[in-house]
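Going by numbering that gives the first Met the number 0, the sequence shown wraps up at 133, each residue one higher than the last.
Ideal placement from N, C-alpha and C gives every residue a C-beta, glycine not left out.
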Amino acid sequence: MKETFSKMLIFVLLIGVMTGCASWGRHDNEGTTDRGAGTATRTDDAALTAKVKAKLLSDDALNGMKIDVDTQSGVVFLSGVVDTPDQKRKAVDLAKNTEGVRKVEDNLKVGRIEGSSSKRPGSTLHVIMLEDLG
0 MKETFSKMLI
10 FVLLIGVMTG
20 CASWGRHDNE
30 GTTDRGAGTA
40 TRTDDAALTA
50 KVKAKLLSDD
60 ALNGMKIDVD
70 TQSGVVFLSG
80 VVDTPDQKRK
90 AVDLAKNTEG
100 VRKVEDNLKV
110 GRIEGSSSKR
120 PGSTLHVIML
130 EDLG
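Listed below in structure tokens is the structure:
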């Protein structure tokens, strides 16, 4: 229940970021932007990052919290740790099938994090196995 609530909260926050980013570089009535051309690219990248992260968080088969998403000029970079090769493929496919994504750079590792499901306060996380399938 707590994990679902956390995912929904992050999802709602990302939607808010996407909405704010969508209006960031819009034109005013005289046809000029209120920001430079480089800002429009950064705005588009921020919106793409938010869209991809929202998709990853909303997929029950993935733990989107363990996947980092960065975007540069329409290229999405995925990094972090997933539990299985299937989850890795799913994350890459979700990113590739997001409107506006030109390319996906897959830097995901397959492995398990010891204690990741532990609810003990102060428990330490250790990576016990990583496998690079890329």
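Checklist entry - Just how far apart, CA to CA, sit Leu-47 and Leu-61? => result Within the sequence shown, the letter at position 48 stands for residue 47. Within the sequence shown, the letter at position 62 stands for residue 61. Answer to the nearest angstrom: the Cα atoms are 19 Å apart.
Next on the checklist: Counting C-beta neighbours from all protein chains within 10 Å, is the total for Gln-71 16 or more, i.e. buried, or is it exposed?
Outcome noted: Walking along the sequence shown from the start, residue 71 turns up at place 72. Exposed, by the Cβ-count rule.
Item to check | Secondary structure of Gly-73, DSSP reduced to three states | outcome: In the sequence shown, counting from the first residue as 1, residue 73 sits at position 74. Reduced to three states, the DSSP call for Gly-73 is coil.
Checklist entry - Since Leu-93 contacts Lys-54 with CB under 8 Å, what's their CB separation in whole angstroms? => result Working through the sequence shown from its first residue, we reach residue 93 at position 94. Working through the sequence shown from its first residue, we reach residue 54 at position 55. That belief holds up - the Cβ atoms of Leu-93 and Lys-54 are roughly 5 Å apart, short of 8 Å.
Checklist entry - Tell me the DSSP bridge mates of Asp-67? => result By 1-based counting over the sequence shown, the position of residue 67 is 68. Beta-bridge partners of Asp-67 (DSSP): Ser-78.
Checklist entry - I think Val-80 touches Gly-110, with their Cβ atoms under 8 Å apart; what is that distance to the nearest whole Å? => result As a first step, residue 80 is located in the sequence shown; it is residue number 81 there, counting from the start. As a first step, residue 110 is located in the sequence shown; it is residue number 111 there, counting from the start. That pair is a contact at about 5 Å.
Item to check | Identified DSSP bridge partners for Asn-106 | outcome: Here residue 106 is taken as the residue at index 107 of the sequence shown, counted from 1. Asn-106 is bridged to Ser-78.
Checklist entry - Rounded to a whole number of angstroms, what is the C-alpha to C-alpha distance between Asp-43 and Asp-82? => result Numbered from 1 along the sequence shown, position 44 holds the residue referred to as residue 43. Numbered from 1 along the sequence shown, position 83 holds the residue referred to as residue 82. Those two C-alpha atoms are separated by around 30 Å.
Checklist entry - How big is the Cα-Cα spacing for Gly-35 and Met-64? => result To locate residue 35, count along the sequence shown from 1; it is residue 36. To locate residue 64, count along the sequence shown from 1; it is residue 65. Unreliable placement is indicated for Gly-35, whose pLDDT of 48 sits below 50; no coordinate value is reported for it.
Next on the checklist: Quick check: the Cα distance between Lys-52 and Asp-69, rounded to an integer number of angstroms?
Outcome noted: Position 53 of the sequence shown, counting from 1, holds the residue named residue 52. Position 70 of the sequence shown, counting from 1, holds the residue named residue 69. Whole-angstrom Cα-Cα distance: 9 Å.
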